[in-house]
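Okay, so here's the structure we're looking at.
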Amino acid sequence: MCLKDKMMLAPDAHLLPSDTKLKLYSGELMKSLGLFRTECVLRGQRHKLEFEIVEARQKPLLSGSTCERLGLIHFSVPAELNVMDNQSKGPLTKHRLLQEFSDVFTGPVESVPGEVHFDLDLSVPPVQCAPRNVPVALKQAVKAQLDQYEADGHLAPVTDPTDWISNMVIVKKPDKLRICIDPKFLNLALRRSHYIMPTLEDVLYKLPKARLFTLVDARDAFLQCKLDTASSYMTTFWTPWGRKRWLKLPFGVSVAPEVYQRKQHELLTGLSGVEPIADDILVVGCGDTDDEAEQDHDGKLLELMDRCRQVKLRLGIKKLQFKVKEVRFHGHILSWEGLKADPDKLRAILDMPQPENVKSLQRFIGFVTYLAKFLPHLSEVCEPLRRLLDKDAVWHWLPKHDNAVQDIKHLVTDTPVLKYYDVTTPVTIQSDASKTGLGCCLLQAGQPIAFASRALTLTEQNYAQIEKECLSIVFACQRFHHYLYGRDEITVETDHKPLISIFKKPLLCAPKRLQSMLLTLQNYCLNVVYKPGPEMYISDTLSRATAAGGAPDYAQHTVCNVQQDLDVLSQINHSDYLNVTDQRLLQIKQHTETDESLQALKYVVLDGWPDSKGRCH
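Residues 835 to 1451 in the numbering used here are what the sequence shown lists, from first letter to last.
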């Protein structure tokens, strides 16, 4: 734009410094006098544009990227040609990505397609809060931030009467202020859309061959969603310079996360290998080799960039992690090896002081439970600590509690790398039960996918061991239901051999309590097999859960043979330990020989359970 046109449009507006050198079609260079930012209107839509100001008398000229952004021109390249063009340029680099998609990363924040509507519960009366004062030290910075939001099209002044008026909340960031509203009363009236929020578990099963990752985030994510007029007036809030209303989705509104997640899923639907959670977007490159993974990754990332440009979704540069072997994603580390625990969280647990009261113990156990999938038999190790959290328990810290804390920290220092779940690979469950807890592990090709454990209730602790072992299988299937339901065959390995015959018999032949458990397991196609305890993965990991000076390592000691123990027990004369006369003992023996029930019990004790119930008589 020439200087004369600029002076006609905005004579008082200052030019911003610019180092841009303009090159004419003839090759001649033209110096820019500065950068001029202004607002243009096209088809009723307002757009923030930047113009380089020059001395020469020329008509204003729009760049190709600006024309495309305004919808004046459209590029349509066949997918085959686009792929060939990308391959001819070689592997995608970060510099090339930021250069080709500068409008996506550095362009002004606009509005994605569609408007957001707040559904209001009309039975809740509107509230007009009394205004609050802004701290004097922040007043100037707050005014500047409000003016910037208004200039960017995020806020608008309000002069009309409004039913709802909230207060302003100031969040001080290291490099800027964030202006929010305090919608305490508004949130009570807003009706949720109840959109399912994705979790990390929804992503992990898609990563069996993942080798490369790129993580990007939406820049000012909520401010890219435009509110309709009625919803905008609901967000009216007080400022020392008059009332304002949000034109974009504000921070603090209870429905905002669900609204944004639904909007982002709508914008990015159909993109393979692109996983959005909240404002983070993960791009995954999969393949059997690094070259295959890189080619797969580059294609998916370019598709994402094209989609973001098309829907005007703006991304940030600060948090960009480009083509890395491992990436921190929602509290975990995703790597080409598998799923890892976040080192920051492990370090936080190791640095935690000894709990001094119930609340500090609850925080400690809660933090550790977050990493439960990495910690085999966590519930058993935590058992002494949980006793302190019982309703009627008296706080009394003992050496066994110190040992439990140290055992947990020992577990944390040796967390395994969990493999990604693969829907095409057979799955195995190993389950185990102890006196106080249940533990299980999900395996594929002999490698752990996830661990899980829980404590037994006081009632469950009184179960027979065979019932506890069956309960551990029920717990495993319910905990890993997301991975197990619908599979053709699931192998369950147990070290409790009597449980095998229970699964082979008809359901009606099982004891009542086991019948209930077996009915629950009918939803899964299970093949229960016996595996000796020392060969079980869980048994091996259990040895790692013991701190120094604890139980011996199974790998270094001989496990006693059960039959040897039975032989020793059979040689004991139990009558020597009974407080009964010889005459009374003889009477008991005689009546036992003539009692049908006791004879059946004697047969079962000596020879085991018969194949059919009728043979007990």
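Ideal placement from N, C-alpha and C gives every residue a C-beta, glycine not left out.
DSSP state of D1132 mapped onto helix, strand, coil: As a position in the sequence shown, residue 1132 is number 298, starting the count at 1. In the structure shown, D1132 sits in a helix (DSSP, three-state: H, G or I).
Segment contact, 8 Å Cβ cut-off, at least three pairs: the stretch 989 to 1002 with the stretch 1066 to 1085: yes
Inter-residue spacing [alpha-carbon to alpha-carbon] between R880 and E949: Your numbering for residue 880 matches position 46 in the sequence shown. Your numbering for residue 949 matches position 115 in the sequence shown. The alpha-carbon atoms of R880 and E949 are separated by roughly 15 Å.
Between the CA atoms of A978 and L1063 - distance to the nearest angstrom: Taking the first residue of the sequence shown as position 1, residue 1063 is located at position 229. Taking the first residue of the sequence shown as position 1, residue 978 is located at position 144. Strictly speaking, residue 1063 in this sequence is Thr, with Leu absent from that position. If I take the Cα positions, the gap works out to 25 Å.
Buried versus exposed call for D1122 [16 or more other C-beta atoms within 10 Å across all chains shown]: By one-based count along the sequence shown, residue 1122 stands at place 288. By the neighbour-count rule (16 or more Cβ atoms within 10 Å), D1122 is not buried but exposed.
Outcome for S1213 when other beta-carbon atoms lying within 10 angstroms are tallied against a minimum of 16: For the purposes of this step, residue 1213 is taken as the residue at position 379 of the sequence shown. Looking at its Cβ environment, which holds 16 or more other Cβ atoms inside 10 Å, S1213 is buried.
Endpoints, the beta strand (DSSP E) within which Y1364 is located: Against the sequence shown, residue 1364 aligns to sequence position 530. Here the beta strand (DSSP E) through Y1364 covers 1360 to 1364.
CB of I1199 within 8 Å of CB of L1184, strictly: Position 365 of the sequence shown holds residue 1199. Position 350 of the sequence shown holds residue 1184. Not closer than 8 Å, so no.
Residue span of the alpha helix (DSSP H) that contains I1334, given as start and end: As a first step, residue 1334 must be located in the sequence shown, where it is residue number 500. Where I1334 is concerned, the enclosing alpha helix (DSSP H) stretches over 1332 to 1338.
Rounded C-alpha distance that separates P1189 from A1182: Residue 1189 sits at position 355 when you count from the first residue of the sequence shown. Residue 1182 sits at position 348 when you count from the first residue of the sequence shown. Each residue's alpha carbon lies about 14 Å from the other.
Closest residue to F1314 among C1304, I1283, D1054 (Cα-Cα distance): In the sequence shown, the residue the question calls residue 1314 occupies position 480. Closest option to F1314, Cα to Cα, is I1283.
Runs of beta strand (DSSP E) wholly within the stretch 865 to 906 (minimum 3 residues, chain order): If you keep only unbroken beta strand (DSSP E) runs of at least 3 residues inside the stretch 865 to 906, you get 868 to 876, 879 to 887.
Assigned secondary structure, T1454 (DSSP; H/G/I helix, E/B strand, else coil): It is not possible to answer for residue 1454, since the shown part of the chain is limited to 835 through 1451.
Uninterrupted alpha helix (DSSP H) stretches inside the stretch 1000 to 1027 (no shorter than 4 residues): 1018 to 1023
Closest Cα partner of V1158 within the set F1019, K840, H1131, T1262: The residue labelled residue 1158 in the question sits at position 324 within the sequence shown. That would be H1131, whose Cα lies nearest to the Cα of V1158.
Limits of the unbroken alpha helix (DSSP H) element including V1091: Here the question's residue 1091 lines up with position 257 in the sequence shown. Checking the sequence shown, residue 1091 turns out to be Pro, not Val. Here the alpha helix (DSSP H) through P1091 covers 1090 to 1102.
Cα-Cα separation, T1291 to G1165: To locate residue 1291, count along the sequence shown from 1; it is residue 457. To locate residue 1165, count along the sequence shown from 1; it is residue 331. Using only the alpha carbons, I get a separation of about 30 Å.
The stretch 1310 to 1326 contacting the stretch 1255 to 1263, beta-carbon criterion three pairs below 8 Å: yes
Stretch-stretch touch, CB-based, cutoff 8 Å, three pairs: the stretch 962 to 982 with the stretch 1041 to 1051: no
Pair within 8 Å by beta-carbon distance, G1076 and P991: What you label residue 1076 is simply residue 242 of the sequence shown in a count that begins at 1. What you label residue 991 is simply residue 157 of the sequence shown in a count that begins at 1. Contact flag set, yes.
The stretch 1295 to 1303 touching the stretch 1353 to 1373, judged by at least three CB pairs closer than 8 Å: No, they do not touch.
Assigned secondary structure, D1114 (DSSP; H/G/I helix, E/B strand, else coil): Stepping through the sequence shown from its first residue, residue 1114 is reached at position 280. Reduced to three states, the DSSP call for D1114 is strand.
Whole-angstrom distance between T1426 and K1346, CA atom to CA atom: As a position in the sequence shown, residue 1346 is number 512, starting the count at 1. As a position in the sequence shown, residue 1426 is number 592, starting the count at 1. Approximately 28 Å between the Cα atoms of the pair.
Neighbourhood of T1270 by C-beta, 8 Å cutoff - its chain only, sequence neighbours within 5 removed: Taking the first residue of the sequence shown as 1, we reach residue 1270 at position 436. Here the set comprises S1213, E1214, E1217, A1289, L1290, Q1295.
Buried or exposed by the 16-neighbour rule on C-beta atoms within 10 Å, applied to Q974: As a working note, residue 974 is residue 140 in the sequence shown. Exposed.
Cβ shell of K1007 (< 6 Å), same chain only, five flanking positions each side left out: Looking up residue 1007 in the sequence shown gives position 173. Closer than 6 Å at Cβ, skipping near neighbours: no residue.
Local conformation of D1248 per DSSP, three classes: Residue 1248 sits at position 414 when you count from the first residue of the sequence shown. DSSP places D1248 in coil when its eight states are reduced to three.
Residues sharing a beta bridge with G1119, DSSP: Locating residue 1119 in the sequence shown gives position 285, counting from the first residue. Answer is L1046, bridged to G1119.
L1105 versus M1031 - alpha carbon distance: As a working mapping, residue 1105 is identified with position 271 in the sequence shown. As a working mapping, residue 1031 is identified with position 197 in the sequence shown. Cα to Cα, L1105 sits roughly 18 Å from M1031.
Contact check, S1027 vs R966, beta carbons under 8 Å: The residue labelled residue 1027 in the question sits at position 193 within the sequence shown. The residue labelled residue 966 in the question sits at position 132 within the sequence shown. Taking 8 Å as the Cβ cut-off, S1027 and R966 do not qualify as a contacting pair.
Opening and closing residue of the alpha helix (DSSP H) in which R1313 lies: On the sequence shown, position 479 is the one that residue 1313 refers to. Run containing R1313: 1299 to 1313, per the alpha helix (DSSP H) assignment.
Exposure label - R1053; buried when at least 16 CB within 10 Å: Counting from 1 along the sequence shown, the entry for residue 1053 is found at position 219. By the neighbour-count criterion, in which a residue is buried when 16 or more other Cβ atoms sit within 10 angstroms of its Cβ, R1053 is buried.
The beta strand (DSSP E) enclosing V1161, as first and last residue numbers: Translated into the one-based positions of the sequence shown, residue 1161 becomes position 327. Element bounds for V1161: 1160 to 1163.
As assigned by DSSP and simplified to three states, the class of T1328: Translated into the one-based positions of the sequence shown, residue 1328 becomes position 494. Strand.
Beta carbon of G1367 nearer than 8 Å to that of D1429: Your numbering for residue 1367 matches position 533 in the sequence shown. Your numbering for residue 1429 matches position 595 in the sequence shown. Not in contact: G1367 and D1429 (Cβ atoms no closer than 8 Å).
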